[in-house]
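At position 124 of the sequence shown (counting the first as 1) the number is 123 in numbering that gives the first Met the number 0, and the numbers step up by one without a gap. All C-beta atoms, glycine included, are put in the ideal place defined by N, C-alpha and C. This one's a predicted model, so the numbers in the text were calculated from it and none came from an experiment.
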Amino acid sequence: MIFYALAGAFSFALSAALHQRAAAQQPRFAALDPRLLLRLFRNRLWLSGWIPDTAGVVFQVLALRSGALAVVQPIMASGLFMAVLIEAVIAGQRVARRDLLAVAVGVVGLTAFLLLADVRAGVTRPAPTAWTVAMSCAVAAITACVLAARRRHGAARGALLGVASGVAYSFAAALVKDLAGGSPGSLLSAVVSWRSAALIVAVAIGLILNQAAFQHGRLAAPLTALTLTDPVVSVLVAITVFRETLSDEPIRIVGLVLAAVTVGGGVWLAASACSAGSVEHRRR
């Protein structure tokens, strides 16, 4: 299990490094401008990044088949360290200590959050109305991050877009769970349902924002923000939409709050990192 998880973490890290390098070489577009993706789909470096990404998915599935989610996911999050190191090797630069510190703080917070969450099963197919508030909050959060990113530069902008991308990806995963919870033989109804349409929109928004985030600053900022935001938001969606419950032990609740604050600290450190990398990209 540990081997598969580490292999998956390395594969995702390599994929992120290749995608970031390809995206950083493209002209700057607005956060939700699809022209960036159209250019990247013709970029060999970017397309090659999907090979390790696919391998990462396979390794993650194998790891989850033989190990607990609370153990596998923190190991997968260690890929952040690998991604920072791989980026430095590809760029021929030294690893920034602040990037490593940001990743370390974030991974510690995420690991504690996942271990303390102790989420208990809820409904398998929530009613459409259960999505209303959660989706409204997600749209508001993504919009706020995109608008705030327009007034920032370098690592801060990359981190904000990374957070927005993480929110979109977490909802995409939740919609997949919702579709998978349907009754057997309802494939046609699932394909033509609003959930499928919402899934396509969420994935498209997440992908565009992710690649736009990669254009700003070093890899640590957007990737740390995305990697840490996704599982935290997923837990919130599980509680509000799927009615999953957390342990009501006071010590766990306090621990979850502290873990969430630590995750936020990791994102802040990544966002406020030295923008030397982004300055170099602007010179190209």
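If you measure between the beta carbons of residue i and residue j, is that distance less than 9 Å?
i: V118; j: E248; result: no
i: A171; j: A201; result: yes
i: S82; j: L13; result: First, the residue type needs correcting, since residue 82 is Ala and not Ser in the sequence shown. Cβ atoms of A82 and L13: closer than 9 Å.
i: A8; j: G78; result: yes
i: G48; j: A269; result: no
i: T228; j: G161; result: yes
i: L159; j: A116; result: no
i: S195; j: L178; result: yes
i: L208; j: A30; result: yes
i: A155; j: S233; result: no
i: G121; j: A237; result: yes
i: I85; j: A16; result: yes
Under a three-way DSSP split, which group does residue i fall into?
i: R314; result: Look at the range of the chain in this structure, 0 to 283, and you will see that residue 314 is not part of it.
i: T311; result: Since the first and last residues shown for the chain are 0 and 283, residue 311 lies out of range.
i: A259; result: helix
i: F28; result: coil
i: G48; result: coil
i: R149; result: coil
i: S277; result: Caution is warranted here: a pLDDT of 42 is assigned to S277, below 50, making its placement in the model unreliable, and the coordinate value is therefore given only provisionally. Helix, per DSSP.
i: E86; result: helix
i: R283; result: Only weak support exists for where R283 lies, its pLDDT of 42 falling under 50; the coordinates are left without a value.
i: F40; result: coil
i: A196; result: helix
i: G91; result: coil
i: S77; result: coil
i: M0; result: coil
i: P33; result: coil
i: S164; result: helix
i: S284; result: Lying outside 0 to 283, the shown extent of the chain, residue 284 is not represented and no answer is given.
Compute the Euclidean distance between the alpha carbons of residue i and residue j, then round it to the nearest angstrom.
i: R97; j: A23; result: 21 Å
i: I252; j: S246; result: 8 Å
i: A103; j: A173; result: 27 Å
i: R41; j: F11; result: 21 Å
i: A211; j: A101; result: 21 Å
i: P221; j: G265; result: 12 Å
i: A90; j: L198; result: 35 Å
i: F28; j: L37; result: 12 Å
i: L35; j: H18; result: 12 Å
i: A4; j: R149; result: 36 Å
i: S169; j: A137; result: 10 Å
i: R282; j: L257; result: Per-residue confidence for R282 stands at a pLDDT of 41, beneath the threshold of 50, marking its modelled position as unreliable; no derived number is given.
i: V88; j: L61; result: 28 Å
i: V94; j: R151; result: 23 Å
i: Q92; j: S135; result: 42 Å
i: T110; j: I204; result: 27 Å
Suppose the cutoff is 7 Å on Cβ atoms and the five residues either side in sequence are ignored; what does the same chain contact list for residue i look like?
i: D290; result: Because residue 290 is not part of the residues shown, which for the chain are 0 to 283, the question remains open.
i: E279; result: Model confidence at E279 stands at a pLDDT of 40, short of 50, so the residue's coordinates are unreliable; what they give is reported in the following sentence. None.
i: V231; result: F112, A259 and V262
i: L39; result: A21, A22, Q25, W45 and Q210
i: V240; result: P125, A129, W130, A133 and A173
i: I1; result: I74
i: S55; result: Looking at the sequence provided, one finds Gly at residue 55 rather than Ser. Here the set comprises G7, S10, F11 and S14.
i: V175; result: L198
i: T226; result: A76 and L79
Quick one: what's got a C-beta closer than 6 Å to residue i's C-beta in the same chain, skipping five residues either side?
i: D52; result: S14
i: A140; result: V166
i: L255; result: L115
Counting only beta-carbon atoms, is residue i nearer than 9 Å to chain C?
i: P51; result: The chain labelled as chain C is not found in the depicted structure, where only one protein chain is given.
Worksheet entry | alpha helix (DSSP H) runs contained entirely in the segment 206-246, provided each spans 4 or more residues | 219-239
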